[in-house]
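Okay, so here's the structure we're looking at.
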Amino acid sequence: MLQFDVTHALPFLPKNWMSSRLDGLTEACNLLERGNGLGGQFTGWVKLPETYDRQEVQRLLQTAQIIRKQSDVLIVIGIGGSYLGSRALLELLASPHYNLLARKTPQIFFTGNTLSSDAMTELLDYVRDRDFSINVVSKSGDTTETAIAFLLFRQLLEEKYGKDGARDRIFVTTDRHEGTLRALASRAGYATFSVPASIGGRYSVLTAAGLLPLAAAGLDIQDLLMGAADARKLVSKPGQDNPAWQYAAARNALYGEGKNIEVLACYEPHLRAFGEWWKQLFGESEGKEGQGVFPASVEFTADLHSMGQYIQEGSRNLFETVVRFNVPQSSCLLDPTPGDGSGLDYLRGRDLRFVNEQARRGTALAHTAGGVPNLLLTAGERTPYWAGQLVYFFEYACGLSGYLSGVNPFDQPGVEAYKHNMFALLGKPGYEAQRKAFLDQMEE
Ligand code: PA5
Numbered sequence: 001m002l003q004f005d006v007t008h009a010l011p012f013l014p015k016n017w018m019s020s021r022l023d024g025l026t027e028a029c030n031l032l033e034r035g036n037g038l039g040g041q042f043t044g045w046v047k048l049p050e051t052y053d054r055q056e057v058q059r060l061l062q063t064a065q066i067i068r069k070q071s072d073v074l075i076v077i078g079i080g081g082s083y084l085g086s087r088a089l090l091e092l093l094a095s096p097h098y099n100l101l102a103r104k105t106p107q108i109f110f111t112g113n114t115l116s117s118d119a120m121t122e123l124l125d126y127v128r129d130r131d132f133s134i135n136v137v138s139k140s141g142d143t144t145e146t147a148i149a150f151l152l153f154r155q156l157l158e159e160k161y162g163k164d165g166a167r168d169r170i171f172v173t174t175d176r177h178e179g180t181l182r183a184l185a186s187r188a189g190y191a192t193f194s195v196p197a198s199i200g201g202r203y204s205v206l207t208a209a210g211l212l213p214l215a216a217a218g219l220d221i222q223d224l225l226m227g228a229a230d231a232r233k234l235v236s237k238p239g240q241d242n243p244a245w246q247y248a249a250a251r252n253a254l255y256g257e258g259k260n261i262e263v264l265a266c267y268e269p270h271l272r273a274f275g276e277w278w279k280q281l282f283g284e285s286e287g288k289e290g291q292g293v294f295p296a297s298v299e300f301t302a303d304l305h306s307m308g309q310y311i312q313e314g315s316r317n318l319f320e321t322v323v324r325f326n327v328p329q330s331s332c333l334l335d336p337t338p339g340d341g342s343g344l345d346y347l348r349g350r351d352l353r354f355v356n357e358q359a360r361r362g363t364a365l366a367h368t369a370g371g372v373p374n375l376l377l378t379a380g381e382r383t384p385y386w387a388g389q390l391v392y393f394f395e396y397a398c399g400l401s402g403y404l405s406g407v408n409p410f411d412q413p414g415v416e417a418y419k420h421n422m423f424a425l426l427g428k429p430g431y432e433a434q435r436k437a438f439l440d441q442m443e444e
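The numbers in my numbering rise by one with no breaks, and the one at position 316 of the sequence shown is 316.
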């Protein structure tokens with residue numbers, strides 16, 4: 001089971017950091033389990049590890065096989081919660097260098113998350129002469145970045161394979177009933193998968209939104225779901241020994257002590273993209289109504305040589321949450337020849353894992369001495385099963401933490417602001433008044 005260690009944060013926490021939050025956590029847990037809190041209509045992810053659609057998972061596995069057979073490249077089109085989870089788990093479980101290493105499975109590129117014409121052109125050019133398929137992921141089906149990328153890649157597919165050939169290479173993940181994408185997919189006859197209406201984007205990694213690209217990469221999505229189910233048994237059980245309760249309480253108490261930035265730290269490059277997923281999860285869930293811990297992420301030891309200085313000695317409003325695996329998948333023994341000039345004789349016979357672990361311990365000591373509380377979450381191995389545990393642990397802790405601070409952890413009203421302005425500036429029908437106001441303002 002996941003282990004959560006608060007020892008290195010205790011000197012920074014008030015004595016009653018947990019006891020004073022037990023009532024709040026009990027209430028938050030009930031709200032999540034009953035789905036009757038703020039945004040309760042979006043708590044479908046809570047019971048998902050037990051209730052997920054087994055038939056849909058079988059269909060995902062079959063589709064993944066088709067994608068593998070017919071394509072050298074899979075283009076995953078989506079933004080925010082519609083790609084961060086699958087990217088995080090692909091990099092965590094396969095490799096950040098997956099596309100260089102993939103032999104029997106397609107390369108996977110993520111797009112639909114940018115409006116950069118350079119980035120788009122680069123990827124369009126890359127797949128022009130390769131066999132590729134598309135998995136477009138958008139719950140609402142209306143997201144501009146996603147819609148534009150889908151348009152461009154669909155046109156290229158149709159150019160290459162004709163409309164009928166393209167149809168066999170387009171896989172759509174969207175709302176079961178509603179939205180532009182659902183309508184388009186029904187009209188064109190594309191294969192579709194659903195994101196349940198009760199699950200918002202950033203909580204959707206264990207739905208088809210996250211699972212199809214992972215299955216295409218040959219990763220064991222059933223083990224992932226099993227890990228999530230086991231984590232659910234752990235974190236849905238009320239009590240102060242529950243690691244999700246401890247994490248939610250500790251970060252809430254640290255925030256109360258003025259620590260308003262949380263840095264998610266890891267010692268594995270494979271976890272870097274996981275930090276991006278985690279940032280969206282907590283940032284969009286809690287950053288509202290003028291409050292919320294600002295989520296940041298670093299990969300050590302690389303970032304000890306860039307962000308390490310700030311963390312050690314900059315503004316003292318940070319705390320750190322380290323995610324680590326207990327057992328590495330590989331061993332890398334150091335065997336310097338005596339007198340070879342490397343200066344590493346003292347490490348003879350050591351495994352690189354040992355060195356990495358001492359870096360983590362040394363950093364925890366240094367950062368806590370420097371005034372940065374250090375929380376530690378340990379998972380067993382870098383496998384789909386443990387990744388499922390991590391995902392569910394953070395989702396549940398985020399729900400608890402949001403309710404503990406009194407916000408709706410399942411909406412994102414702030415994401416709309418830029419969209420409306422952009423639509424007005426682009427001249428989208430329906431935004432005429434706002435456009436006129438902007439243009440008048442610019443003339444003044
Ligand atoms: O968490 C969220 O709800 C958002 O990040 C969405 O996932 C993101 O805006 C993309 O939305 P959609 O899937 O509707 O295209």
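Here a beta-carbon is modelled for each residue, glycine too, at the ideal position from N, C-alpha and C.
For a test of the three-state rule: what should DSSP assign to residue i, helix, strand or coil?
i    : result
P243 : helix
F319 : strand
Q58  : helix
S82  : helix
K279 : helix
S117 : helix
F294 : strand
S194 : strand
L264 : strand
F410 : coil
V327 : strand
E257 : coil
E299 : strand
T143 : coil
T43  : strand
Just curious, the beta strand (DSSP E) that residue i is in, first and last residue?
i    : result
L376 : N374 to E381
I108 : Q107 to T111
S133 : F132 to S138
C332 : Where C332 is concerned, there is no enclosing beta strand (DSSP E), given that its DSSP letter is neither H nor E.
V172 : I170 to D175
Q3   : Q3 to D5
What span of residues does the alpha helix (DSSP H) with residue i cover, start to end?
i    : result
I525 : Given that the chain is displayed from residue 1 to residue 444, the structure contains no residue 525 and the question cannot be resolved.
V76  : Not the alpha helix (DSSP H): V76 falls in the beta strand (DSSP E), residues V73 to I77.
D129 : Here D129 belongs to no alpha helix (DSSP H), and DSSP marks it neither H nor E.
Q222 : I221 to V235
G399 : P384 to L404
With distances taken Cα to Cα, identify the nearest neighbour of residue i among the options.
i    : options                   : result
F275 : L156, A119, L390 and I134 : According to the sequence shown, residue 275 is Gly rather than Phe. For the residues L156, A119, L390 and I134, the minimum Cα distance to G275 belongs to L390.
Q263 : Q280, S297 and G362       : Reading off the sequence shown, one finds Val at residue 263, where the question assumed Gln. Out of Q280, S297 and G362, S297 has the C-alpha closest to the C-alpha of V263.
F423 : Q412, K436 and P413       : K436
V205 : T173, S331, G314 and E178 : T173
Y310 : N16, N421 and A366        : A366
G85  : G44, Q280 and F153        : Q280
L74  : F110, A387 and S95        : F110
T301 : E268, L184, W386 and L157 : E268
G162 : G256, N408, S342 and A188 : A188
P11  : L60, D131, M1 and G370    : G370
G290 : C398, V355 and N408       : N408
R360 : G39, G308 and G78         : G308
W45  : L426, A166, C398 and V293 : C398
C332 : L61, L352, N260 and G314  : L352
A265 : F319, I221, K259 and L219 : F319
Q155 : A183, D125 and D175       : D125
L400 : R169, G362 and L32        : L32
Quick one: using the 10 Å Cβ neighbour count with 16 as the cut-off for buried, is residue i buried or exposed?
i    : result
N374 : buried
P14  : exposed
A119 : exposed
T143 : buried
G37  : buried
L305 : This sequence places His at residue 305; Leu is not what is there. Exposed.
Q246 : buried
G292 : buried
A524 : The requested residue 524 is not part of the displayed model; the chain covers only 1 to 444.
Y418 : exposed
Is residue i near the ligand ATP, with its Cβ less than 7 angstroms from a heavy atom?
i    : result
V205 : No copy of the ligand ATP appears in this structure; the ligands present are the ligand PA5.
Touch check for the segment 140 to 150 and the segment 108 to 115: three-plus C-beta pairs under 8 angstroms? yes
Pairs of beta-carbons, one from the segment 231 to 248 and one from the segment 88 to 106, closer than 8 angstroms: are there three or more? no
Looking at C-beta atoms only, is the number of pairs between the segment 275 to 291 and the segment 407 to 419 that lie closer than 8 angstroms three or more? yes
For the pair the segment 129 to 146 and the segment 206 to 225, tell me if three or more CB-CB distances fall below 8 angstroms. yes
Any contact between the segment 177 to 195 and the segment 13 to 31? By contact I mean 3 or more CB pairs, one from each, below 8 angstroms. The segment 177 to 195 is not in contact with the segment 13 to 31.
Is the segment 317 to 337 touching the segment 376 to 387 in the sense that three or more CB pairs, one from each, lie closer than 8 angstroms? These segments touch.
Any contact of the segment 24 to 42 with the segment 243 to 257, i.e. 3+ C-beta pairs under 8 angstroms? yes
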